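In the numbering used here, the protein residues as written are 1 to 424.
Below, the structure is given as structure tokens:
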């Protein structure tokens, strides 16, 4: 049947209407693209809200274009790079990205922070805040370089204010410590960055011969929570390498009623490097006692357990590792440390050959818990499990001792576990 003239006219009207709507929706994007191509960054920024309201999909492509142009101008040394409207446009894009992708705004905050750090003359009052925001939102996933930028900004803005500088340094050191625990592949980089922060601190440390008088002046000023006393004492350890100065620093911290766990942690690590293990254990225990953060406390317990293991105090080490696993049951590292402790420390018990094979049941269980609790340990756990399965008692060995599936076999000495027997 041939459509009537009225139907054809109606269809044509609808088509014209839809085409007009298309042009209306596409116009903001066209205007934005046109303004950007002409390097009219003020006009481009004006069109941004409407452009991205109509087409969120354009966002990533436009950001890539803008960043490419920034890098291109930077490489050529063109004068456009110093113009604030250009960087303001990019900042606006990052802010829109954060609002449109609120569940995944960490990468946009990181880009915004690094842009501000690259052009601090444009954002003198916002750069430090933006860097802190990017780190706080994703302390383990953000680019590690942001910590260096943070240190640079703190050094530039805090000037000679030792109190504020000490607090900012504490925040950075704490975040880096936790990041090194949960991103072991970055631990070396975190250590190097902490050393970099130490260089920033050096300018704030009084000369060794004046450090006690400097501490007394700060202490008499009743600085909040005696932060400066802790700070100067710790700095003394790093810069004044003499036994008398070290003794004074330890005495200052030991007498502090409000010692910060981070400073106890630093003292513990200093003592570890000097192989003064009893002193190190004492400060690790103080850090653990004063620490409220479960992640940091679990890390402290692992360090404490490793020193106890080194001293042959295997039962104490086991309790430290087990406490860490209770604090963070979804972290695989404490279970792996426990397995290593049983392997390395079993020699002290002089286990019989069969007992050593039965121990593999316990090791397999720990590795399976680690893998199920923390998928990042899946590959390492699978590798270990293959090794332990090959060393388990054979079916003949179990029958020789009258053991059946589900029976238990005691492992004495410091291990103190009754292991459930399973057939291979």
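Quick reminder that beta carbons are idealized off the backbone N, C-alpha and C, glycines included.
None of these values were measured; they are calculated from a predicted model.
Which same chain residues, not among the five before or five after residue 194, have their C-beta less than 7 Å away from its C-beta? Here residue 194 refers to the residue found at position 194 when the chain shown is read from its first residue. If we look at residue 194 and ignore the five residues flanking it on each side, its Cβ neighbours are 173, 176.
Cutting at 6 Å between CB atoms, please list the residues of its own chain near residue 261, excluding the five before and the five after it. What you label residue 261 is simply residue 261 of the chain shown in a count that begins at 1. Taking residue 261 as the centre and dropping the five residues before and after it, the same chain places the C-beta of 287, 290, 291 closer than 6 Å to its C-beta, in chain order.
Quick check: what's the CA-CA separation for residue 105 versus residue 151? Here the question's residue 105 lines up with position 105 in the chain shown. Here the question's residue 151 lines up with position 151 in the chain shown. The straight-line gap from Cα to Cα measures roughly 23 Å.
Contact check, residue 343 vs residue 362 under 8 Å by CB: the rounded distance? Mapped onto the chain shown, residue 343 falls at position 343. Mapped onto the chain shown, residue 362 falls at position 362. Residue 343 to residue 362, Cβ: 10 Å. No contact.
Where DSSP assigns a beta bridge to residue 408, which residues make up the other side? Here the question's residue 408 lines up with position 408 in the chain shown. In the DSSP assignment, the residues bridged to residue 408 are 420.
Do you know how far the Cα of residue 320 is from the Cα of residue 278? As a first step, residue 278 is located in the chain shown; it is residue number 278 there, counting from the start. As a first step, residue 320 is located in the chain shown; it is residue number 320 there, counting from the start. C-alpha separation (whole angstroms): 16 Å.
Expressed to the nearest angstrom, what Euclidean distance is found between the alpha-carbon atoms of residue 312 and residue 272? In the chain shown, residue 312 corresponds to position 312, counting from 1. In the chain shown, residue 272 corresponds to position 272, counting from 1. Pairing residue 312 with residue 272, the inter-Cα distance amounts to about 16 Å.
Between residue 142 and the rest of its own chain, which residues show a CB-CB distance below 7 Å, the 5 nearest in sequence each way excluded? For this step, residue 142 is matched to residue 142 along the chain shown. For residue 142, same chain residues with a beta-carbon under 7 Å away, outside a window of 5 residues either side, are 106, 110, 134, 135 in chain order.
At the level of alpha carbons, what is the spacing between residue 145 and residue 124? Locating residue 145 in the chain shown gives position 145, counting from the first residue. Locating residue 124 in the chain shown gives position 124, counting from the first residue. The C-alpha of residue 145 lies about 19 Å from the C-alpha of residue 124.
Name the two residues that bound the continuous alpha helix (DSSP H) containing residue 374. Position 374 of the chain shown, counted from the first residue, corresponds to residue 374. The continuous stretches of alpha helix (DSSP H) do not include residue 374, and DSSP gives it neither H nor E.
Please give me, in chain order, every unbroken run of the alpha helix (DSSP H) with length at least 4 that falls completely inside the region 111-181. With a minimum length of 4 residues, the unbroken runs of alpha helix (DSSP H) contained wholly in the region 111-181 fall at 127-137, 145-158.
Can you tell me the Cβ-Cβ gap for residue 298 and residue 327, rounded? I've got them flagged as a contact below 8 Å. Indexing the chain shown from 1 puts residue 298 at position 298. Indexing the chain shown from 1 puts residue 327 at position 327. The C-beta distance from residue 298 to residue 327 rounds to 5 Å, short enough to meet the 8 Å contact threshold.
If you run the structure through DSSP and keep just helix, strand and coil, what is residue 187? Indexing the chain shown from 1 puts residue 187 at position 187. Look at residue 187 here: in three-state DSSP terms it is helix.
Which residues mark the beginning and the end of the alpha helix (DSSP H) in which residue 314 is found? Translated into positions along the chain shown, residue 314 becomes position 314. 314-327 is the span of the alpha helix (DSSP H), which, as asked, contains residue 314.
Do the region 341-360 and the region 372-386 touch if we need at least three Cβ pairs shorter than 8 Å? Segments in contact, no.
Are the beta-carbon atoms of residue 149 and residue 131 separated by less than 8 Å? The sequence position of residue 149 within the chain shown is 149, counting from 1. The sequence position of residue 131 within the chain shown is 131, counting from 1. Yes, they are a contact pair.
Proximal residues to residue 140 (C-beta, below 7 Å), its chain only, five neighbours per side dropped: Residue numbering aside, residue 140 sits at position 140 when the chain shown is read from its first letter. These residues qualify, in order along the chain: 179, 182, 183.
For residue 391 and residue 315, I'd like the C-alpha separation in whole angstroms. Indexing the chain shown from 1 puts residue 391 at position 391. Indexing the chain shown from 1 puts residue 315 at position 315. Taking C-alpha positions only, residue 391 is separated from residue 315 by approximately 24 Å.
Residue 185 versus residue 371 - alpha carbon distance: Locating residue 185 in the chain shown gives position 185, counting from the first residue. Locating residue 371 in the chain shown gives position 371, counting from the first residue. When the Cα atoms are used, residue 185 and residue 371 turn out to be separated by approximately 18 Å.
Rounded to a whole number of angstroms, what is the C-alpha to C-alpha distance between residue 156 and residue 119? Working through the chain shown from its first residue, we reach residue 156 at position 156. Working through the chain shown from its first residue, we reach residue 119 at position 119. Whole-angstrom Cα-Cα distance: 14 Å.
Buried or exposed, going by whether 16 or more other CB atoms sit within 10 Å of the CB of residue 265? The sequence position of residue 265 within the chain shown is 265, counting from 1. Result: buried.
Candidates 323, 394, 322, of which the one nearest residue 353 by Cα: Here residue 353 is taken as the residue at index 353 of the chain shown, counted from 1. When each option's Cα is compared against that of residue 353, the closest is 394.
Give the DSSP-derived three-state secondary structure of residue 300 in the structure shown. Translated into the one-based positions of the chain shown, residue 300 becomes position 300. Three-state DSSP puts residue 300 in a helix.
Excluding the 5 residues preceding and the 5 following residue 385 in the sequence, name in chain order all residues of the same chain whose CB lies nearer than 6 Å to its CB. Reading the chain shown from its first residue, position 385 is the one you call residue 385. So the qualifying residues of the chain are 364, 367.
With a 10 Å radius around its C-beta and 16 neighbouring C-beta atoms as the bar for buried, classify residue 305 as buried or exposed. For the purposes of this step, residue 305 is identified with residue 305 of the chain shown, where counting begins at 1. By the neighbour-count rule (16 or more Cβ atoms within 10 Å), residue 305 is buried.
I'd like to know whether the C-beta atoms of residue 336 and residue 307 end up nearer to each other than 8 Å. Position 336 of the chain shown, counted from the start, is the residue given in the question as residue 336. Position 307 of the chain shown, counted from the start, is the residue given in the question as residue 307. The answer is no: Cβ separation not under 8 Å.
CB-CB under 6 Å to residue 401, same chain, minus the five flanking residues each way: which ones, in chain order? To locate residue 401, count along the chain shown from 1; it is residue 401. Taking C-beta separations shorter than 6 Å and ignoring five residues to either side along the sequence, residue 401 has no partners in its chain.
Pick helix, strand or coil for residue 295, following the three-state DSSP scheme. Numbered from its first residue, the chain shown carries residue 295 at position 295. In this structure, residue 295 counts as helix in the three-state DSSP scheme.
Starting from residue 387, trace the alpha helix (DSSP H) both ways and give me its first and last residue. On the chain shown, position 387 is the one that residue 387 refers to. Taken as a continuous stretch (DSSP letters only), the alpha helix (DSSP H) holding residue 387 covers 378-389.
Grouping DSSP H, G and I as helix and E and B as strand, with all else coil, what is residue 367? Position 367 of the chain shown holds residue 367. The DSSP-derived three-state label of residue 367 is helix.
Since residue 404 and residue 373 should fall inside the 8 Å C-beta cutoff, what is the C-beta to C-beta distance between them, to a whole number of angstroms? On the chain shown, position 404 is the one that residue 404 refers to. On the chain shown, position 373 is the one that residue 373 refers to. 30 Å between Cβ atoms; not a contact.
Could you pull out every residue in the same chain whose Cβ sits closer than 8 Å to the Cβ of residue 376, ignoring the five residues on either side in sequence? Locating residue 376 in the chain shown gives position 376, where the first residue counts as 1. Hits under 8 Å: 332.
Residue of 407, 334, 413 minimising C-alpha distance to residue 422: In the chain shown, counting from the first residue as 1, residue 422 sits at position 422. When only C-alpha atoms are compared, the closest one is 407.
By alpha-carbon positions, which one of 269, 103, 87, 413 ends up nearest to residue 345? Locating residue 345 in the chain shown gives position 345, counting from the first residue. Nearest Cα to residue 345 within the set 269, 103, 87, 413: 413.
Counting along the chain, where does the alpha helix (DSSP H) carrying residue 284 start and finish? Here residue 284 is taken as the residue at index 284 of the chain shown, counted from 1. Note, residue 284: alpha helix (DSSP H), 277-290.
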